[in-house]
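Asks: Handing you this structure, nothing more for now.
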Amino acid sequence: MLVPGSDRYGSFAGVPVHWHGTLILIPLFLGMQFQRFGVVAGGLLILVLTLALVGSILLHEAAHVRAARHVGVGARAIVLHGFGGFALIDAVPMPPMHRILVALAGPLANLALALAGYGLLQIAEFALVPAASERVGAYGLTLPPLARSLGGNAVLAGLKTFVTLNLLLGTVNLLPAFPLDGGAIVRTLAGLRLAPAQAVRVTAVLGLVSIPLAGHAVGLAGLGASISGFGAFALVLLLIAVNGWALWQPAAFLSDEAGQALE
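Going by our numbering, the sequence shown opens with residue 588, and the numbers climb by one from there.
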């Protein structure tokens, strides 16, 4: 067993994929948000969004794997869990720019998914929002009043959530904090001038400052309305704990010799 509580089921991007038991948290968190749509529409929405979110995380990690291969480095596995996932990259020394490229690949994949989802959302709003009938009517066309159904509202809510979650996966992962991709980037840049342990400490301090600020900004922007408040709070506490540990025990984060784990 690669990670306690996880089992291998299939492969993706040419590497084994391990699924952790905490993945059950994803439909539970989504269920808290969409129970208002009822059993049928809400249940279907939760199922589709769970698959879409897990797929987004999988594509994020696969992007790391493909970027690593692009610079001549292999990968051992992808692990998915309830708070995201990570790719285990082979322990091969890489130039700083290659490290940064591999770290950036995951967030960029999510931002691309968010952009694609936004395009679908615009199409759906045009077809489902009642005002669309008037807009289309100006051209002598008609649309069925799908927006008046609960299913139409569920589709719009699902697409908005998909876009929001991928935006969060892309941007939050760029925070200068462990174990996020932004932390790997900052640690690499700091390591150009500082000793490895000092680079870890600098990243940890930035993480302890940026995580609460980012959480507050997400709340002010209203993005948290699309996710479980409890889940977001738990994630913030987890990241603070990890960066506090990195500040206290930087040696624990000097694990390049044992392999790299990119979130």
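A virtual CB, placed ideally from N, CA and C, is assigned to each residue, including glycine.
1. How long is the line joining the alpha carbons of arginine 623 and glycine 629, rounded to whole angstroms?
2. Compare the beta carbon distance of leucine 667 and isoleucine 644 with 7 Å and say whether it is the shorter of the two.
3. So, is alanine 786 buried or exposed, given that buried needs 16 or more other C-beta atoms within 10 angstroms?
4. Assess contact between the region 699-708 and the region 742-756, defined as three or more Cβ pairs (one per stretch) separated by less than 8 Å. Is contact present?
5. State buried or exposed for isoleucine 611, treating a residue as buried only when at least 16 other CB atoms are found within 10 Å of its CB.
6. Give every residue of the same chain whose Cβ lies closer than 6 Å to the Cβ of glycine 724, excluding the five residues on either side of it in the sequence, and list them in chain order.
7. If you check the beta carbons only, do alanine 654 and valine 689 fall under 7 Å apart?
8. Compute the minimum distance between the beta carbon of glycine 778 and the heavy atoms of the ligand FAD, and state whether it is under 6 Å.
9. Excluding the five sequence neighbours on either side, which residues of its own chain have a C-beta within less than 6 Å of the C-beta of arginine 686, listed in chain order?
10. Which stretch, first to last residue, makes up the alpha helix (DSSP H) that contains alanine 662?
11. In this structure, does DSSP put serine 598 in helix, strand or coil?
12. Bridge partners for proline 683 per DSSP, in chain order?
13. Could you check where the alpha helix (DSSP H) with alanine 628 kicks off and where it finishes?
14. Which one or two residues does DSSP pair with valine 604 in a beta bridge?
15. Assuming glycine 618 is part of the alpha helix (DSSP H), what are its boundary residues?
Replies: Walking through what the data contain:
1. For arginine 623 and glycine 629, the distance between alpha carbons rounds to 7 Å.
2. Yes, the pair counts as a contact, with Cβ atoms nearer than the cut-off.
3. Alanine 786 should be labelled buried.
4. Yes: at least three Cβ pairs fall under 8 Å.
5. Isoleucine 611 should be labelled exposed.
6. Reliability of the predicted coordinates at glycine 724 is poor, the pLDDT of 48 falling under 50, and the value obtained from them is presented with this limitation in mind. Around glycine 724: no qualifying Cβ.
7. If you check the CB distance, alanine 654 and valine 689 come in under 7 Å.
8. Absent from the structure shown: the ligand FAD. Ligands present: none.
9. For arginine 686, where only same-chain residues beyond five positions count, the Cβ hits under 6 Å are Thr775.
10. Judged by DSSP secondary structure, alanine 662 falls outside any alpha helix (DSSP H) and instead within the beta strand (DSSP E) spanning 662-668.
11. Secondary structure of serine 598 (DSSP, three-state): strand.
12. The partner list for proline 683 (beta bridge, DSSP) is empty, contrary to what the question assumes.
13. Where alanine 628 is concerned, the enclosing alpha helix (DSSP H) starts and stops at 626-657.
14. In the DSSP secondary-structure assignment, valine 604 is bridged to Ile665.
15. Per DSSP, the continuous alpha helix (DSSP H) segment holding glycine 618 begins and ends at 612-621.
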